[in-house]
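Asker: Residue numbers (this note's numbering), protein chains in the order written: chain R, 1 to 482; chain V, 483 to 728. Backbone N, C-alpha and C define an ideal beta-carbon position, used for all residues, glycine too. Next up is a structure, given as C-alpha cells.
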Amino acid sequence: MAKFSIDPGAVLDGFTIGECVHRGGMATLWTVTHPGITMPMLMKSPRVSEGEDPAAIVSFEMEQMILPRLAGPHVPTCFGTGDFARQAYVVLERIPGKTLYERLNDLPIPYEEARIIGGKIATALADLHRQNVIHHDIKPSSIMFRASGEAVLIDFGLSHHDQLPDLLQEEFRLPYGTAPYMAPERLLDVRDDPRSDLFSLGVLLYFFTTGERPFGESETLRGMRRRLWRDPHPPRKLRPDYPPWLQEIVLRCLEIEPVWRHPTASQLAFELAHPEQVKLTGRSERLTRDPLGTVLRRRFNRGLSQPKAKSDVAAQLASGPIVAVALDIVEGAEALNEALRVTAEQLLATLPNARLACVNILKLGRITIDRTLDEQGNNKHIDRLVALRHWASPLRLDESRLTVHVLEAVDPASAILEFADVNHVDHVVIGARQNSFVRTLLGSVSAKVAAEASCTVTVVRPPRLAAASAQQDGYEVDAAEA
Amino acid sequence: MLLAIFTDIHANRQAFAACLAAARMRGAERIVCLGDYVGYGADPEWVVETLMDLVERGAMAVRGNHDSAVSTHSETMNAEAQVAIEWTRGRLSAVQRRFLADLPLVRQEDDRLYVHSEASQPARWHYIQGAAEAARSLVATDVHVTFCGHIHRPALYSMSSTAKMTSFVPTSGVPVQLLGGRRWLAVLGSVGQPRDGNPAASFAMLDTSSNEITYCRVPYDVETAADRIRKNGLPPWLADRLLVGR
C-alpha cells in the first residue's frame with residue numbers, strides 16, 4: 001500500500017486533515033473532521049523518520065492498542081487508528097484548554113486548590129485502573145480538565161494494560177518515563193503495580209503545594225535510584241503552615257514500598273474528599289527526613305531492591321474496596337444493626353485493605369424548617385457521629401480504615417446513592433426495614449438503593465424469629481447484589 | 483473473515499466437540515488445525531473422521547509430531563505417549579492413517595503461517611519455551627503472524643522492527659490487535675490436553691479484517707474424556723492430567 005503523507009486538506013480513512021496544532025519530539029497533532037462526527041478531534045501521528053528514537057514508535061504502538069479500549073470521561077474518546085503499514089495515527093477527541101503544566105508558574109498553589117485538583121486526578125486514575133490500565137506517566141503535562149470539571153488523562157505511550165502485551169517491557173535498557181515523577185519500583189523494572197501512579201500523583205501534589213520537586217530533577221539513573229532509599233524532606237519543613245492531613249496524604253503517596261501507599265486510587269480520592277477524617281500518623285507531624293541509619297538499612301537491604309512477583313491489577317484493586325454501611329440509628333434498630341455489623345465483619349475479615357464508611361441519614365422534613373438541635377438542645381449531627389463510631393467500635397478497625405458520615409437529606413435512598421457515586425464506593429451494605437407499615441408508607445430505601453446503585457449492594461435482615469414473618473417480608477428485595 | 487484455530491486435540495472428543503461448538507457460536511467462518519489430532523486421548527477415530535470432514539469442507543490442517551508417529555516408528559516420545567500412539571495405530575483405518583501422513587508440515591495463507599511446532603525447523607518439533615525460541619521462529623519467516631501449538635500453553639510473542647521481543651500470556655476472551663508494525667508468533671493452548679493449570683479446552687479466533695486475535699477457553703466434560711482413557715486401558719496419568727490441566 002502506498003505511503004500516505006499528512007497534509008492539510010488530505011483525507012485519510014474518512015478523516016479530513018485540518019491544521020497542524022503541535023509538533024513535538026515524539027508526535028505531531030493535526031485537527032481533523034469527519035462527516036457524522038461533531039466532536040472536535042485531533043489526529044496524532046508519531047515521528048518515525050530515520051534516526052528517530054525507536055521509543056516514539058513503541059510508545060505510539062502502545063497508544064494504538066490501549067486508546068481504543070478506554071472509555072469514560074477521564075480519557076479522550078478514540079475515533080480511529082491507522083497502522084504503520086500506510087500511515088500510523090490515532091484520532092482522538094480534542095479536549096479544549098491547556099494541561100496542568102500551565103500552572104507551573106503559579107506554584108505553590110493554595111492547599112485547598114491542590115486538594116481539589118488531587119482528588120480529581122485520583123478519581124481519574126481510579127477509573128483508569130478499573131479498566132486494567134496503569135498510566136505510568138502522571139505529570140502536569142498529561143493532565144487536562146473538562147469544562148464540567150473532571151480530570152482527563154492524556155498520553156498513554158508509556159502505559160501498561162494488564163490484558164495486552166506490554167511492548168515496552170524489553171524495549172529499553174533503562175526505565176522510560178519522566179524522571180522526577182517516576183515511582184521507585186519502576187527503577188526495578190516493575191510495570192504492573194497501579195500504586196506507581198499514586199506515587200507520581202504524590203510527587204505532583206508535593207510539587208504543587210511546596211514549589212519544590214521532592215526528588216529534584218536529576219535525569220541520571222544514579223540520581224533517580226536515590227529514591228529507592230532516600231525519602232524526601234517533609235513538606236512541613238519547607239512550609240511550616242502545611243496542613244498535617246495533607247502531609248499525611250502526600251508522604252503516604254511517596255512511600256518507597258508500594259504496599260505502604262494507599263491501596264487504591266479510589267481510597268486516595270476518598271481521603272482527599274474527606275480531609276477532616278484522614279487518620280494522622282507520625283507522617284503528618286514530621287519535620288525531618290528518616291535518620292541516616294534507616295536510609296542505610298534501605299540502601300543495603302537487598303530484599304527491598306528485589307523485584308516483586310507479578311501482580312494482577314484487577315485482583316489488587318479488588319482487595320482494597322470501599323465498603324459503605326448505611327445505618328439507621330433509631331430505637332428498635334438494634335437487631336438489624338447487629339446483623340449489619342456481622343455482615344460488615346465478614347466482608348472486612350477477607351479484605352485487609354478494604355475501608356469502611358459508616359453512613360447515617362439525618363432526614364430533613366420536606367416543608368418544616370429543621371433545627372440542628374433536638375428538643376433537649378443536643379446537636380443531632382454530633383450525636384449521630386458518636387453513635388456511628390459506637391456501632392463500629394466492636395469491629396476494632398484501624399482508624400485509617402474507618403470513616404463516619406452523617407448526611408442530611410430529604411430522600412435517604414438518593415443520599416446513599418449519591419454518596420456511593422461520589423466516593424467510588426464498591427459495595428453498599430444496607431438493612432431492610434422490618435416494619436412493613438413504614439415501608440408501605442415511605443417506600444423501601446434498601447429496594448431503591450439495590451435497584452439503582454452502580455455498585456454491588458447487599459441487603460441485610462436480622463435473623464428471623466418466627467416463620468410467620470416470612471410472608472410479610474416476601475416483597476422485599478432478596479439479600480443480593482444489584 | 484473470522485478464523486477459528488485449533489491445535490493439540492489429542493483424540494479428546496469431548497474437548498474438540500465443545501471447541502467446535504464454541505467457535506461456531508462466535509461466528510467462525512473458516513477452520514484451521516495445527517496438528518496433533520491423535521495420541522493421549524481415547525477417541526482418535528472420531529477426531530480424525532471429524533477433521534477429514536472439516537478439511538473436505540474447506541478447513542486447513544497441518545501435521546503434528548503425534549500424527550507423524552502413527553505411521554513413522556522412529557519418533558522419540560516418552561513411554562506414555564508411545565503406548566498411546568501404538569494403541570491409536572490399531573484404532574485408525576488405513577485411510578485415516580494415510581490422511582494424517584499426507585498432511586503438510588506448514589501452510590501459508592496471505593500473511594499468515596500455520597505450523598505445529600515452530601517455523602525454523604518444522605520437522606524437528608522444537609518447543610517455543612520463551613522469547614529466544616520465539617525469535618528463532620520469527621526470523622525464519624517473513625509473514626506477519628505465525629500460528630503454532632505443540633507446547634500446550636498459550637503465549638503471544640512479538641518482534642519489533644528493531645528485533646526486540648515481547649512475551650505475553652493472553653487473557654482469555656480479551657482481543658489483542660496484532661499491530662502491523664511488528665511480527666507476531668501466536669502460540670495456542672491445547673484443545674485436548676491443556677497444561678497451563680487450567681483444564682478448560684483452549685483455542686483462538688482471528689478476525690482477519692481487524693487483525694485481532696482472541697484466545698478462548700471452553701469448559702467441557704473432562705470427566706467423560708478421562709473416563710474413556712481409563713476404560714480403554716491407556717496409562718491412567720493421561721486421564722488424571724486432564725482433570726488438573728497439567
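1. What are the residues that DSSP puts in a beta bridge with Q247(R)?
2. With 8 Å as the threshold, decide whether the Cβ of E63(R) is near any Cβ in chain V.
3. Tell me whether the beta-carbon of R589(V) lies closer than 8 Å to the beta-carbon of V625(V).
4. Rounded to a whole number of angstroms, what is the C-alpha to C-alpha distance between P604(V) and M647(V)?
5. Less than 8 Å between CB atoms is the rule here; does Q472(R) satisfy it with respect to chain V?
6. Determine the burial state of S469(R): buried for a count of at least 16 other Cβ atoms within 10 Å of its Cβ, exposed for fewer.
7. Three-state secondary structure (DSSP) at A468(R)?
8. Once DSSP output is grouped into helix, strand and coil, what is the label at A622(V)?
9. Within 8 Å (strictly less), CB to CB, does P54(R) reach chain V?
10. For the beta strand (DSSP E) holding Y697(V), just list the boundary residues, first then last.
11. Are three or more beta carbon pairs between the segment 161–171 of chain R and the segment 648–666 of chain V nearer than 8 Å?
12. Does the beta-carbon distance from I109(R) to V152(R) come in below 8 Å?
13. Using the Cα positions of S59(R) and S45(R), report the straight-line distance between them to the nearest angstrom.
14. Answer with yes or no whether the minimum CB distance from L724(V) to chain R is below 8 Å.
15. Evaluate the contact criterion for the segment 180–195 of chain R versus the segment 132–143 of chain R: three or more CB pairs, one atom per stretch, below 8 Å.
16. Find the nearest neighbour of R115(R) within the set T31(R), Y181(R), Q64(R), L201(R), judged by alpha-carbon distance.
17. The alpha helix (DSSP H) with G82(R) in it runs from where to where?
18. Under three-state DSSP, which class holds F581(V)?
19. Consult DSSP for W569(V) and reduce its assignment to one of helix, strand or coil.
20. N693(V) and Q659(V) look like a contact to me (Cβ under 8 Å); what is the Cβ gap, rounded to whole Å?
21. With which residues is E257(R) paired in a DSSP beta bridge?
22. In angstroms, rounded to a whole number, what distance separates the CA positions of T81(R) and V90(R)?
23. Could I get the ranges of all uninterrupted alpha helix (DSSP H) runs contained in the segment 174–241 of chain R, with 4 residues as the minimum, in chain order?
24. Got a sec: which bits of the segment 538–558 of chain V sit with their beta carbon under 9 Å from any beta carbon on chain R, in order along the chain?
25. What number of angstroms, rounded off, separates the C-alpha of A71(R) from the C-alpha of L92(R)?
26. Against A339(R), what residues of chain V qualify as contacts under a CB-to-CB distance less than 8 Å, listed in chain order?
27. Based on Cα-Cα distance, which residue from V203(R), A339(R), S266(R), R355(R) lies nearest to I256(R)?
28. In chain R, which residues lie less than 8 Å from G612(V) when you measure between Cβ atoms?
29. Could you list which residues in chain V have their beta carbon closer than 9 Å to that of P214(R), in chain order?
30. List the residues of chain V that P244(R) touches, going by C-beta distances under 9 Å, in chain order.
31. For the 8 Å Cβ check, are there 3 or more pairs between the segment 517–531 of chain V and the segment 551–566 of chain V?
32. What's the C-alpha gap between M687(V) and G509(V)?
33. Using a Cβ cut-off of 9 Å, pull out every chain R residue sitting near S643(V), in sequence order please.
34. Under the three-state reduction of DSSP, which class applies to P412(R): helix, strand or coil?
35. Please report the straight-line C-alpha distance between A344(R) and L362(R), rounded to a whole angstrom.
36. Counting along the chain, where does the beta strand (DSSP E) carrying P96(R) start and finish?
Answerer: Let me spell this out:
1. One-based indexing of the first sequence puts residue 247(R) at position 247. In DSSP, Q247(R) forms no bridge with anything.
2. Here residue 63(R) is taken as the residue at index 63 of the first sequence, counted from 1. Using a CB distance cut-off of 8 Å, E63(R) does not count as an interface residue toward chain V.
3. The residue you call residue 589(V) lines up with position 107 of the second sequence. The residue you call residue 625(V) lines up with position 143 of the second sequence. Cβ distance not < 8 Å, so R589(V) and V625(V) don't count as in contact.
4. In the second sequence, residue 604(V) corresponds to position 122, counting from 1. In the second sequence, residue 647(V) corresponds to position 165, counting from 1. Looking at the two C-alpha atoms, the distance is approximately 21 Å.
5. In the first sequence, residue 472(R) corresponds to position 472, counting from 1. A caution first: Q472(R) carries a pLDDT of 44, below 50, which makes its placement in the model too unreliable to give a value.
6. On the first sequence, position 469 is the one that residue 469(R) refers to. Annotation note: pLDDT 46 at S469(R) (below 50); position unreliable, coordinate value reported separately. It is exposed - the Cβ of S469(R) has fewer than 16 other Cβ atoms within 10 Å.
7. Taking the first sequence and counting its residues from 1, one reaches residue 468(R) at position 468. Only weak support exists for where A468(R) lies, its pLDDT of 48 falling under 50; the coordinates are left without a value.
8. For this step, residue 622(V) is matched to residue 140 along the second sequence. Here A622(V) sits in coil by DSSP.
9. Locating residue 54(R) in the first sequence gives position 54, where the first residue counts as 1. By this cut-off, P54(R) is an interface position.
10. Working through the second sequence from its first residue, we reach residue 697(V) at position 215. Here the beta strand (DSSP E) through Y697(V) covers 694–700.
11. The way I'd put it, the segment 161–171 of chain R does touch the segment 648–666 of chain V; three or more beta-carbon pairs between them come closer than 8 Å.
12. Your numbering for residue 109(R) matches position 109 in the first sequence. Your numbering for residue 152(R) matches position 152 in the first sequence. V152(R) sits away from I109(R), with the two beta carbons spaced by 8 Å or more.
13. As a working note, residue 59(R) is residue 59 in the first sequence. As a working note, residue 45(R) is residue 45 in the first sequence. Spanning the two alpha carbons is a distance of roughly 11 Å.
14. Along the second sequence, read from residue 1 onward, the residue named residue 724(V) stands at position 242. For L724(V), the closest Cβ of chain R is not nearer than 8 Å.
15. yes
16. Reading the first sequence from its first residue, position 115 is the one you call residue 115(R). Checking every option, the nearest Cα to that of R115(R) belongs to L201(R).
17. Within the first sequence, numbered from 1, the residue matching residue 82(R) stands at position 82. First-last for G82(R): 78–82, but that is the beta strand (DSSP E), not the alpha helix (DSSP H).
18. Position 99 of the second sequence, counted from the first residue, corresponds to residue 581(V). Three-state result, F581(V): helix.
19. Your numbering for residue 569(V) matches position 87 in the second sequence. Correct three-state label for W569(V): helix.
20. Position 211 of the second sequence, counting from 1, holds the residue named residue 693(V). Position 177 of the second sequence, counting from 1, holds the residue named residue 659(V). That pair is a contact at about 6 Å.
21. Taking the first residue of the first sequence as position 1, residue 257(R) is located at position 257. According to DSSP, E257(R) bridges with nothing at all.
22. As a position in the first sequence, residue 81(R) is number 81, starting the count at 1. As a position in the first sequence, residue 90(R) is number 90, starting the count at 1. In a straight line, the C-alpha of T81(R) is about 4 Å away from that of V90(R).
23. 195–210, 221–225, 235–238
24. none
25. Walking along the first sequence from the start, residue 71(R) turns up at place 71. Walking along the first sequence from the start, residue 92(R) turns up at place 92. Taking the CA atoms as reference points, A71(R) sits about 12 Å from L92(R).
26. Numbered from its first residue, the first sequence carries residue 339(R) at position 339. Ordered by position in chain V, no residue passes the 8 Å Cβ test against A339(R), which lies about 37 Å from the chain.
27. Along the first sequence, one-based indexing puts residue 256(R) at 256. The candidate whose alpha carbon is nearest that of I256(R) is V203(R).
28. Numbered from 1 along the second sequence, position 130 holds the residue referred to as residue 612(V). Result: empty, since nearest Cβ-Cβ is about 12 Å, beyond 8 Å.
29. Mapped onto the first sequence, residue 214(R) falls at position 214. Neighbours of P214(R) on chain V: none; closest Cβ ~32 Å, over 9 Å.
30. Position 244 of the first sequence, counting from 1, holds the residue named residue 244(R). Those do not exist, as P244(R) stays about 43 Å from chain V at its closest Cβ, beyond 9 Å.
31. yes
32. Indexing the second sequence from 1 puts residue 687(V) at position 205. Indexing the second sequence from 1 puts residue 509(V) at position 27. For M687(V) and G509(V), the distance between alpha carbons rounds to 10 Å.
33. To locate residue 643(V), count along the second sequence from 1; it is residue 161. Under the 9 Å cutoff, chain R gives P54, I57, F84.
34. Locating residue 412(R) in the first sequence gives position 412, where the first residue counts as 1. Looking at P412(R) - three-state DSSP - the assignment turns out to be helix.
35. In the first sequence, counting from the first residue as 1, residue 344(R) sits at position 344. In the first sequence, counting from the first residue as 1, residue 362(R) sits at position 362. So the alpha carbons of these two residues sit roughly 22 Å apart.
36. For the purposes of this step, residue 96(R) is taken as residue 96 along the first sequence, with counting starting at 1. Counted as a single uninterrupted DSSP element, the stretch harbouring P96(R) is not any beta strand (DSSP E), since DSSP gives it neither H nor E.
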